[in-house]
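These notes are about the structure you will find just below.
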Amino acid sequence: MQDSTWYVVAMIIYLLAMAAIGFWSYKQTDEYDDYVLAGRGLHPFVAALSAGASDMSGWLLMGLPGALFLTGMSELWMAIGLLIGAWANWKWVAPRLRSYSEIAGNSITVPSFFENRLHDKSRLLRIIAAAIIIFFFTFYVSSGMVAGGRYFESSFGGDYMVGMLVVAAVTVFYTFVGGFLAVSYTDTVQGLLMFASLIIVPIMVLFSLDNPGDIFSFAAENPYATGGVIENPNYFSLFSGVSAAVIIGNLAWGLGYFGQPHIIVRFMALRKPSDARAGRFYGVSWMGISLIGAIFVALSGTVFFTETNHSITDQENYETIFLDMAQVMFHPLFAGLVLTAVLAAIMSTMSSQMLVVSTSLIEDLYLIFAKKKPRQEVLINLSRTAVVAIAVIAAVLAINPSDSILGLVGFAWAGFGSAFGPLVLLSLYWKRLNSTGAIAGMITGAVVAIGWGMSPLGDTLYELVPGFISALLVTVGVSLATKAPDEKVTQEFEEASRLAKLVEENDDLDFEEAAEKVQK
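Each residue of the sequence shown is one higher than the one before, counting from 1 in UniProt numbering.
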């Protein structure tokens with residue numbers, strides 16, 4: 001049997017497994033809250049790995065190893081920033097958001113939390129937040145479909161359109177039928193697949209090398225290197241060839257975590273706030289070990305491709321070194337399973353984004369204009385319809401991908417981090433925040449991040465830095481310059497703060513009883 005046939009068999013096995021998880025989740029989903037937020041019963045291990053898998057995407061498996069292979073350890077600043085940001089997000093946002101989102105009107109989306117937290121009667125805060133989510137994530141989902149089509153095209157020699165439609169159809173299916181539970185559990189499986197692949201591939205490559213220790217010197221010292229490796233005496237330097245602005249900009253990627261809706265919604269779905277401690281351990285451990293695996297993929301690749309004389313498919317960015325080594329080292333069936341790790345990264349991100357967008361359409365737009373709240377089954381079916389509608393729009397955009405669509409993806413992380421990041425932190429930790437300041441800061445963050453990124457200034461400093469800072473300053477300034485929030489808002493804030501402290505001090509405390517106690 002040809003290698004490509006084995007790869008297709010592996011992909012079919014994987015896709016069927018994802019569909020099976022979707023069907024199982026369907027059986028567990030009876031109410032609207034189950035479909036949108038898994039009934040706030042998510043295990044911290046599932047929350048942590050699903051958040052990580054939906055966040056890292058193909059960058060962890062392809063982008064980072066390729067950049068390290070080509071340039072050296074100076075490319076690690078972004079990874080360092082993301083690791084610190086993930087830890088900080090689990091430490092400071094997760095437990096307090098879990099408790100506050102329940103006290104603030106049992107909020108099940110990020111926009112609804114903003115509105116309920118600040119008691120915004122105008123509905124503008126919720127509508128604008130939902131519009132930002134829908135705009136960015138629709139293009140983000142489209143880029144995922146493009147990536148799926150390109151993956152199918154390059155890995156299996158298939159047709160771009162067929163690959164795009166297959167990947168989109170399976171992702172839509174399990175998101176459609178199983179909702180948040182399906183997305184979370186499929187993301188967990190996908191995260192484990194990515195994790196295992198990043199450990200197994202570099203270990204097997206190291207065993208195949210004549211002298212594994214060469215990986216720590218080869219790229220820096222060998223003037224006769226081939227296979228894409230060029231002698232770089234500064235290969236292992238974190239500071240060589242990078243300016244202070246680049247280092248700051250790359251580290252600032254960690255700031256983006258505070259405002260990513262598809263990540264922080266996992267915090268709202270935890271069983272109880274104290275689960276955030278276990279979630280932090282699982283999530284940061286998964287990310288840290290995965291990043292180490294990606295580093296060793298790059299390091300082992302510097303020797304492997306020269307020693308074996310195998311060629312690298314991507315001769316421009318070298319982002320295929322992980323896939324190329326897997327195809328050389330393993331039986332085609334196992335190599336195909338490793339190849340599906342990239343597909344897993346693509347699908348985990350797409351499914352999370354589709355669910356967040358569909359939820360915003362129904363919960364944050366439709367329901368605020370509906371004259372009366374529909375029955376549970378009607379809400380679930382409306383959310384499922386929204387998933388399909390978003391997928392269709394994204395697929396139409398992906399048929400003929402353009403730079404303008406793919407370019408928007410580069411702004412999405414900065415856009416969400418700038419628009420929502422300061423607002424999330426201030427909502428959780430600053431009593432004086434009001435809705436006027438929140439709206440002004442949110443708009444400012446999104447506009448500055450996009451405008452900065454589209455201008456020549458984007459070449460000097462990552463747009464998240466000015467976007468986040470400007471949003472923070474405007475939110476605080478406008479809140480102080482306008483009317484203070486009323487007593488009910490501040491009282492609720494104090495209740496949420498007391499609840500957060502109670503559950504942090506006692507892991508065994510019954511959360512529901514504690515919530516009732518602080519509200520009395």
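For glycine and all other residues, C-beta sits at the position ideal for the given N, C-alpha and C.
If you drop the 5 nearest sequence neighbours on each side, which residues of the same chain put their C-beta closer than 6 Å to that of residue i?
{"i": "Val298", "result": "One detail in the question is off: residue 298 reads as Ala in this sequence, not Val. Closer than 6 Å at Cβ, skipping near neighbours: Pro65, Leu68 and Phe69."}
{"i": "Tyr235", "result": "Gly72, Ala219 and Ala220"}
{"i": "Pro223", "result": "For Pro223, the pLDDT reaches just 49, beneath the cut-off of 50, and the residue's location in the model is therefore unreliable, although a value from the coordinates is still provided. Only Glu231 meet the Cβ criterion."}
{"i": "Thr5", "result": "none"}
{"i": "Gln376", "result": "Glu31 and Tyr32"}
{"i": "Gly178", "result": "Gly22, Ser25 and Tyr26"}
Taking buried to mean at least 16 other C-beta atoms within 10 Å of its own C-beta, is residue i buried or exposed?
{"i": "Arg126", "result": "buried"}
{"i": "Tyr7", "result": "buried"}
{"i": "Leu499", "result": "buried"}
{"i": "Asp210", "result": "exposed"}
{"i": "Leu207", "result": "Here the sequence assigns Phe to residue 207, which means Leu is not the residue at that position. Result: exposed."}
{"i": "residue 549", "result": "Outside the displayed span of the chain (1 to 520) sits residue 549, for which this structure offers no information."}
{"i": "Asn434", "result": "buried"}
{"i": "Ala245", "result": "exposed"}
{"i": "Asp159", "result": "exposed"}
{"i": "Ala335", "result": "buried"}
Using the C-alpha atoms, what's the distance from residue j back to residue i?
{"i": "Asp3", "j": "Leu343", "result": "18 Å"}
{"i": "Arg277", "j": "Gly85", "result": "15 Å"}
{"i": "Tyr14", "j": "Tyr151", "result": "15 Å"}
{"i": "Ala370", "j": "Leu361", "result": "12 Å"}
{"i": "Thr460", "j": "Val447", "result": "18 Å"}
{"i": "Met329", "j": "Glu492", "result": "58 Å"}
{"i": "residue 521", "j": "Gln28", "result": "What the structure shows of the chain is the stretch from 1 to 520, and residue 521 is not part of that stretch, so it cannot be assessed."}
{"i": "Ala326", "j": "Pro332", "result": "9 Å"}
{"i": "Leu379", "j": "Thr175", "result": "15 Å"}
{"i": "Arg123", "j": "Tyr366", "result": "12 Å"}
{"i": "Trp430", "j": "Ser479", "result": "11 Å"}
{"i": "Gly283", "j": "Val110", "result": "21 Å"}
{"i": "Val93", "j": "Leu83", "result": "15 Å"}
{"i": "Gly458", "j": "Ala294", "result": "27 Å"}
{"i": "Val9", "j": "Gly163", "result": "14 Å"}
{"i": "Gly453", "j": "Leu337", "result": "37 Å"}
{"i": "Glu495", "j": "Lys372", "result": "30 Å"}
{"i": "Ser400", "j": "Asp314", "result": "Here the sequence assigns Asn to residue 400, which means Ser is not the residue at that position. Spanning the two alpha carbons is a distance of roughly 22 Å."}
{"i": "Ile450", "j": "Gln260", "result": "16 Å"}
{"i": "Gly242", "j": "Ala79", "result": "Note on identity: in this sequence residue 242 is Val, with Gly being the wrong assignment. Each residue's alpha carbon lies about 15 Å from the other."}
{"i": "Pro44", "j": "Ile12", "result": "29 Å"}
Keeping to the same chain, check which residues put their C-beta closer than 8 Å to that of residue i; ignore five residues upstream and five downstream.
{"i": "Ile443", "result": "Ile128 and Ala419"}
{"i": "Ser184", "result": "Ala38, Leu42, Val46, Ala47, Ser50, Arg266 and Ala269"}
{"i": "Pro374", "result": "Leu382"}
{"i": "Ser470", "result": "Ser418, Thr444, Gly445 and Val448"}
{"i": "Val141", "result": "Met350, Gln353, Met354, Val357, Ile390, Ala391 and Ala394"}
Indicate, with yes or no, if the ligand GDP has a heavy atom lying under 7 Å from the CB of residue i.
{"i": "Tyr151", "result": "In the structure on display, the ligand GDP does not appear, and there are no ligands present to speak of."}
Are the beta-carbon atoms of residue i and residue j separated by less than 8 Å?
{"i": "Ile108", "j": "Val36", "result": "yes"}
{"i": "Leu181", "j": "Asp34", "result": "yes"}
{"i": "Ser300", "j": "Leu198", "result": "no"}
{"i": "residue 564", "j": "Gly191", "result": "Residue 564 lies beyond the range of the chain shown here (1 to 520); nothing can be said about it."}
{"i": "Ala394", "j": "Met145", "result": "yes"}
{"i": "Leu397", "j": "Phe139", "result": "yes"}
{"i": "Ala391", "j": "Ala130", "result": "no"}
{"i": "Ser74", "j": "Leu251", "result": "no"}
{"i": "Ser57", "j": "Ala414", "result": "no"}
{"i": "Ser112", "j": "Asp364", "result": "yes"}
{"i": "Phe322", "j": "Val205", "result": "no"}
{"i": "Val465", "j": "Ile312", "result": "no"}
{"i": "Trp90", "j": "Arg280", "result": "yes"}
{"i": "Ala386", "j": "Phe136", "result": "no"}
{"i": "Ser285", "j": "Asp187", "result": "no"}
Looking only at its chain, what residues have a beta carbon closer than 7 Å to the beta carbon of residue i, apart from the 5 residues adjacent to it on each side?
{"i": "Thr302", "result": "Phe69, Ile215, Phe218, Ala219 and Val229"}
{"i": "Ala341", "result": "Leu61, Leu193, Met194 and Ser197"}
{"i": "Leu423", "result": "Phe114, Ala438, Gly441, Met442 and Thr475"}
{"i": "His262", "result": "Ser54, Ser352, Gln353 and Val356"}
{"i": "Ile134", "result": "Val357, Ser360 and Leu361"}
{"i": "Glu319", "result": "Met62, Gly63 and Gly66"}
{"i": "Pro212", "result": "Leu206"}
{"i": "Leu426", "result": "Leu433 and Thr475"}
{"i": "Phe156", "result": "Ser4, Tyr7 and Val8"}
Using 8 Å as the cut-off, can you tell me whether the region 409-423 makes contact with the region 256-263, which would need three or more C-beta pairs spanning the two stretches below that distance? Cβ pair count under 8 Å is three or more, so yes.
Is there contact between the region 339-354 and the region 79-99, where contact requires at least three CB pairs shorter than 8 Å? Touching, no.
Any chance the region 437-451 sits against the region 468-483, with 3 or more Cβ pairs inside 8 Å? Touching, yes.
Three or more C-beta pairs closer than 8 Å, one from the region 479-490 and one from the region 115-123: is that the case here? Output reads yes: the region 115-123 touches the region 479-490.
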